[in-house]
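Enquirer: Quick one: structure below, then a few questions.
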Amino acid sequence: MKHFARLAAAAILAASTGAAAWAADTTLRISTWLPPTHGINTEIFAGLIGMMEEATDGQVSGELVFGLAPPPAQMDLIQDGAADMAIIFHGYQPGRFIGTKLIELPGYEGNAEAASVAYWRVHTQHLGKLGEHRGVKLVALNTHGPGQIHTSKDVATLADLNGLKTRIGGGVAGDVGAALGLVGINVPAPKVYETLESGAADAVAMNVGERVGFKLNEVAKNLYDMPGGLYRGSFAIIMSQETFDSLPADVQAALDEKVFGEPASRMAGAAWDKSDMIAYEATRGTEGAKIVEASAEDQAAFAAIAAEVTAKVLAELDAAGVDAQAAYDMVKAEMAAN
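Those letters in the sequence shown? Residues -23 to -1, 1 to 315, per mature numbering (1 follows the signal peptide of the UniProt record, and there is no 0), in order.
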């Protein structure tokens, strides 16, 4: 949080003048599509800026720029040079990313930090060969905490989810939603609150941290909580390759060695874990809010669904040229070790 005031001031200044907000040889323009108070801005981007400043002795910093493009257009935005850095959610672009679905599978044991570290390592060894982030500099890979279902209607069992009009972000969440009988509604995350408030949706599939990030305790009082989650969500922080190449060689080396890759991925995953912890506490303290933990019977029923979804995704990876089983086993082993 210590960087947020500076980030907010920088964003306002950037919007009005386009000038750098504080002294640095290079101030990166960081595109964000999230609300100013969202943890991606206040924790992940703030943390990343701090890491870059420390690693380069202040030669590289960053400022947030809001509203440049909708979530699905962030990668194109960076490739076009309209911003220097952004975060993308892979599920917003169906068909463009396949390897990223590996980390989204249900059934992994571990938090977002462990998953994000495992994600970077399995990308280095297995998934990078797909070239799905070609054209940009890959800064970090991360996943939010276990995805759950947040509803405006009372839900007591897994079967009660069937038929609910539900905002689903895409990727494996979409596969799981279809198996559960959810009626998918496609709206970007920033529109979730108004979609639920208006009654256009009955539920949303999101990680628990978004109960704070998107004020779900106001419009989706009920949290159906499956141990380990129903899915995870895959994100990447990306940078303009042209911008990176323009930096001095020693600055590039410092960023690659001390910030980009596993360090930034770990930091981002830990930020997601923090948001989940805060949101669970907030939900327990909200009048009328209710957390329904999945019963043993529901867990067994979902395990069968998870096995089918996993087999489907691993087949997609095999068809793309990845040793899917080896990659899957690596994620599980890496998460167990972290």
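We put the beta carbon where it would ideally sit given N, CA and C, even for glycine.
(1) Measure the beta-carbon distance from M312 to A150 and round it to whole angstroms, keeping in mind my assumption that it falls under 8 Å.
(2) Check for me: the alpha helix (DSSP H) holding Y257 runs from which residue to which?
(3) Output the boundary residues of the alpha helix (DSSP H) element that contains R188.
(4) Reducing DSSP to helix, strand and coil, say where T9 ends up.
(5) For the segment 89 to 141, which segments carrying the alpha helix (DSSP H) assignment without a break, of at least 4 residues, lie completely within its bounds, in sequence order?
(6) By DSSP, does T19 sit in helix, in strand, or in coil?
(7) Just list the residues that DSSP pairs E40 with in beta bridges.
(8) Classify K114: buried if its beta carbon has 16 or more other beta carbons within 10 angstroms, exposed otherwise.
(9) For the putative contact between P123 and G206, defined by C-beta atoms under 8 Å, what is the C-beta separation to the nearest angstrom?
(10) Thinking P47 and W10 are a contact (beta carbons under 8 Å), I'd like their distance in whole angstroms, please.
(11) Can you list, in chain order, the residues of its chain with a C-beta nearer than 8 Å to that of S(-8)? Leave out the 5 residues immediately preceding and following it.
(12) Which same chain residues, not among the five before or five after W249, have their C-beta less than 6 Å away from its C-beta?
(13) How many Å lie between T33 and T4 at the Cα?
(14) Out of P204, L82 and F221, state which residue places its alpha-carbon closest to the alpha-carbon of A304.
(15) List, from N- to C-terminal side, the beta strand (DSSP E) runs of 3 residues or more that fit wholly inside the segment 145 to 169.
(16) Apart from the five residues just before and just after V169, which ones in its own chain have a Cβ nearer than 7 Å to its Cβ?
(17) What are the boundary residues of the alpha helix (DSSP H) that includes K309?
(18) Only counting the same chain, and skipping five residues up and downstream in sequence, which positions put a Cβ closer than 7 Å to that of A133?
(19) So what does DSSP say about E270, is it helix, strand or coil?
Expert: Taking the structure as given:
(1) With a Cβ gap of about 19 Å, M312 and A150 do not count as contacting.
(2) E239 to R261
(3) E187 to G190
(4) strand
(5) 89 to 102
(6) T19 sits in a helix when the DSSP states are folded into three classes.
(7) Per the DSSP secondary-structure output, E40 pairs in a beta bridge with R6.
(8) Classification of K114: buried, given that the 10 Å Cβ count is 16 or more.
(9) 2 Å
(10) Taking 8 Å as the upper bound for CB-CB distance, P47 and W10 are in contact here, some 7 Å apart.
(11) Model confidence at S(-8) stands at a pLDDT of 39, short of 50, so the residue's coordinates are unreliable; what they give is reported in the following sentence. Take S(-8), set aside five residues on each side of it, and no residue of its chain has a beta-carbon closer than 8 Å to its own.
(12) A89, H121 and G122
(13) 12 Å
(14) L82
(15) 160 to 162
(16) R144, V181 and F191
(17) A301 to A314
(18) Cβ within range, chain order: V269.
(19) Three-state DSSP puts E270 in a strand.
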